[in-house]
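A short write-up of the structure that comes next.
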Amino acid sequence: MRAVVKTKPQPGAELREVDISVPAADEALIKVQATSICGTDVHIYKWDNWSQTRIGAARLPQVLGHEVAGDVVEVGRNVKRIKVGDYVSVETHIPEPSDLQTLLGQMHIGENMKIVGVDRDGSFAEYLTVPEVVCWINAPGIPPEYASIQEPLGNATYCLLGEDGDVAGTTAVILGDGPIGLMAVAVARAVGVAKIFVTGLFDHCLDIAKQVGADYVLNAGDQALDRVAIVREHTGGFGADIVLEMSGAPQAAAEGFKMLRKGGRFSAFGVMSESNLALDYNNGIVFKGARIYGINGRRMFDTWYRVRNLLASDRLNLAPIITNIIGLEDFELGFAQMLEIPRQSAKIVMFPNSSLLKQAQNRRK
Ligand SMILES: [Zn+2]
Numbered sequence: 467m468r469a470v471v472k473t474k475p476q477p478g479a480e481l482r483e484v485d486i487s488v489p490a491a492d493e494a495l496i497k498v499q500a501t502s503i504c505g506t507d508v509h510i511y512k513w514d515n516w517s518q519t520r521i522g523a524a525r526l527p528q529v530l531g532h533e534v535a536g537d538v539v540e541v542g543r544n545v546k547r548i549k550v551g552d553y554v555s556v557e558t559h560i561p562e563p564s565d566l567q568t569l570l571g572q573m574h575i576g577e578n579m580k581i582v583g584v585d586r587d588g589s590f591a592e593y594l595t596v597p598e599v600v601c602w603i604n605a606p607g608i609p610p611e612y613a614s615i616q617e618p619l620g621n622a623t624y625c626l627l628g629e630d631g632d633v634a635g636t637t638a639v640i641l642g643d644g645p646i647g648l649m650a651v652a653v654a655r656a657v658g659v660a661k662i663f664v665t666g667l668f669d670h671c672l673d674i675a676k677q678v679g680a681d682y683v684l685n686a687g688d689q690a691l692d693r694v695a696i697v698r699e700h701t702g703g704f705g706a707d708i709v710l711e712m713s714g715a716p717q718a719a720a721e722g723f724k725m726l727r728k729g730g731r732f733s734a735f736g737v738m739s740e741s742n743l744a745l746d747y748n749n750g751i752v753f754k755g756a757r758i759y760g761i762n763g764r765r766m767f768d769t770w771y772r773v774r775n776l777l778a779s780d781r782l783n784l785a786p787i788i789t790n791i792i793g794l795e796d797f798e799l800g801f802a803q804m805l806e807i808p809r810q811s812a813k814i815v816m817f818p819n820s821s822l823l824k825q826a827q828n829r830r831k
């Protein structure tokens, strides 16, 4: 089969012929319909510090990718829930049954969980194998380009809903105009957030934010713009009930704590290049009575269940976020678009099969 493989410990990747792997007893073999490019893939493609330490040269060659939708074509002998012919997507976090977190119902953050496309071969290929436990059966009729993005859409949904899902009628700030930030806007709109602010750096992405439901878009690069004052002004002077940090920028996080109202909730999702942040701890957290949630992954499988229902409801406006639909062989173009500054794209979905690619492109017309 054809696969996009990280072959060498240096920037880039190659389209290669590799063997289709045989599913182990607890695994399913999936024929890929669609697979989307994530920021994590870009880290590995660039072979930055994170990928050098997290993956390392010794494990190469490895197939990239983890966001996927496809059909189960073979299952191992111990597989019970998933059947040949099922139309599935894949939860990236593979839980370890013996982890404390798994036993406590927090399997998405288990100490020893593994990650598809990071700890094992991924989905930028015609086929991939994954353990049955991470196969999620899609609602029928969801086009593969949407089924493929459920993993990041799950990040957005979990980040927005938090642990209690108490968001209807609230005000929310979304810091960051990357694909997951934009998806959070669409979800916020669908679940009844009353006022949505988005900060970001790129006009193209802020335009998409408006299309999918943002009430206010605020350029984060504009030094003259007092974003904190604007959020306060439009929230009765209180600040926002919910702040989602989805930019990975230290300055945005610091601003976010100032935008948060007393007693509000801050969900930390974006990964910072520098982990030691300057933060007004007393006023930003203690006296504010802030609730802070770290968001890593998706609740398994509560988040997936909600995402499926939202997708099936047709209430999410995601079309403007899927900006590029391309063939798997054009992955270089996809990565170039992901790395382009200023960004002219949001979510990029690849299709290994040319007739499925054509169908997807026709759906957009
Ligand atoms: Zn992803």
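Each residue of the sequence shown is one higher than the one before, starting from 467 at the first, in our numbering. No residue lacks a Cβ here, since even glycine has one placed at the ideal position from N, Cα and C.
- The three-state reading of DSSP puts R468 in strand, counting E and B together.
- When C-alpha distances from V633 are compared across E617, E611, I662, the shortest belongs to I662.
- With respect to the 9 Å criterion, I560 and I603 are not classified as neighbours on the basis of their beta carbons.
- For G542, the secondary structure class from DSSP, reduced to helix, strand or coil, is coil.
- As DSSP reads the structure, K831 sits in no beta bridge.
- With a cut-off of 8 Å, the C-beta of E740 is classified as distant from ligand 1, since no heavy atom of the ligand falls inside that distance.
- At least 9 Å separates the beta-carbon of M738 from that of A756.
- Excluding the 5 residues flanking it on each side, K676 has same chain C-beta neighbours closer than 8 Å at V683, in chain order.
- Here N578 really is in contact with E562; their C-beta atoms are around 4 Å apart, less than 8 Å.
- Taking the Cα positions, L726 is about 44 Å away from A494.
- Judged by the Cβ position, T473 fails to qualify as a neighbour of ligand 1 at the 8 Å threshold, every heavy atom of the ligand being at least this far.
- Counted as a single uninterrupted DSSP element, the alpha helix (DSSP H) harbouring F723 occupies residues 716–725.
- Between V498 and the set G505, K546, S589, the nearest pair of CA atoms involves S589.
- W602 is bridged by DSSP to S555.
- Shortest gap from the CB of G644 to any heavy atom of ligand 1: 8 Å or more.
- Judged by the Cβ position, E533 qualifies as a neighbour of ligand 1 at the 8 Å threshold, a heavy atom of the ligand being closer than this.
- Check the Cα spacing between T623 and each of A523, F735, Q717, V471: the tightest is with F735.
- Remark: the shortest separation between the CB of T769 and any heavy atom of ligand 1 does not fall under 8 Å.
- Taken in chain order, the whole beta strand (DSSP E) runs of length 3 or more contained in the region 560–615 are 593–597, 601–603.
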